[in-house]
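Colleague: Going by this note's numbering, the first residue of the sequence shown is number 52, and it counts up by one from there. Dumping the structure here so I can ask a few things about it.
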Amino acid sequence: MSEKYIPAGLRRLVRSRASGICEYCRSQVGFAPQPFSVEHIKPRAAGGQTTEDNLALSCQGCNGHKHTKEEAPDPITGSVVPLYHPRKQRWRDHFAWRAGAKFIDGLTPTGRATVEALRMNRPELVNLREVLYAAQKHPPAEPDTQ
Ligand SMILES: [Zn+2]
Numbered sequence: 052m053s054e055k056y057i058p059a060g061l062r063r064l065v066r067s068r069a070s071g072i073c074e075y076c077r078s079q080v081g082f083a084p085q086p087f088s089v090e091h092i093k094p095r096a097a098g099g100q101t102t103e104d105n106l107a108l109s110c111q112g113c114n115g116h117k118h119t120k121e122e123a124p125d126p127i128t129g130s131v132v133p134l135y136h137p138r139k140q141r142w143r144d145h146f147a148w149r150a151g152a153k154f155i156d157g158l159t160p161t162g163r164a165t166v167e168a169l170r171m172n173r174p175e176l177v178n179l180r181e182v183l184y185a186a187q188k189h190p191p192a193e194p195d196t197q
């Protein structure tokens, strides 16, 4: 969803709160080729409000794959479950790094569904994580808010 509907002060709050990290795949804005978006967790089209508790910082990849999704199938059970909600849930409760922090594993049905739906292990991300890990720049520290 376009950021033009989000007041500048609210955008600043979301960017600052996320410490420059995609709230889904943990990409760092400082190592991303494109600027990150402030996205509506519950889409505006589904009645999501433009309020701080419904906004998250997202890289372009996660934002594009998430689009208007709010739920997706758990790849293990096939049950449709809610996607990860960065304001209501803690990242570490649903996801974990694996293999030198190259891959994100989903720990819960919501975690697994979100990894799949947002393609949080996209090949280009895995390559970048490997290089950043070797340079001791990855994974990023967990923001206090999550
Ligand atoms: Zn991302």
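Where a beta carbon is used, it is the ideal one built from N, C-alpha and C, also for glycine.
Look up Ser70 in the DSSP assignment and say whether it is helix, strand or coil.
Modeller: Looking up residue 70 in the sequence shown gives position 19. Residue state, collapsed to three classes: coil.
Colleague: CB of Gly115 to nearest heavy atom of ligand 1: below 7 Å?
Modeller: For this step, residue 115 is matched to residue 64 along the sequence shown. It does not: the Cβ of Gly115 is nowhere closer than 7 Å to a heavy atom of ligand 1.
Colleague: Sort Ala152, Arg170, Ala107, Tyr56 by Cα distance to Gly71 and report the nearest one.
Modeller: Along the sequence shown, one-based indexing puts residue 71 at 20. Per the Cα distances, Ala107.
Colleague: Just to confirm before moving on: does the CB-CB distance between Leu169 and Lys117 stay below 8 Å?
Modeller: Within the sequence shown, the letter at position 118 stands for residue 169. Within the sequence shown, the letter at position 66 stands for residue 117. Yes.
Colleague: I'd like to know whether the C-beta atoms of Val89 and Val65 end up nearer to each other than 8 Å.
Modeller: The sequence position of residue 89 within the sequence shown is 38, counting from 1. The sequence position of residue 65 within the sequence shown is 14, counting from 1. Yes, the pair counts as a contact, with Cβ atoms nearer than the cut-off.
Colleague: Consult DSSP for Glu167 and reduce its assignment to one of helix, strand or coil.
Modeller: Position 116 of the sequence shown holds residue 167. Here Glu167 sits in helix by DSSP.
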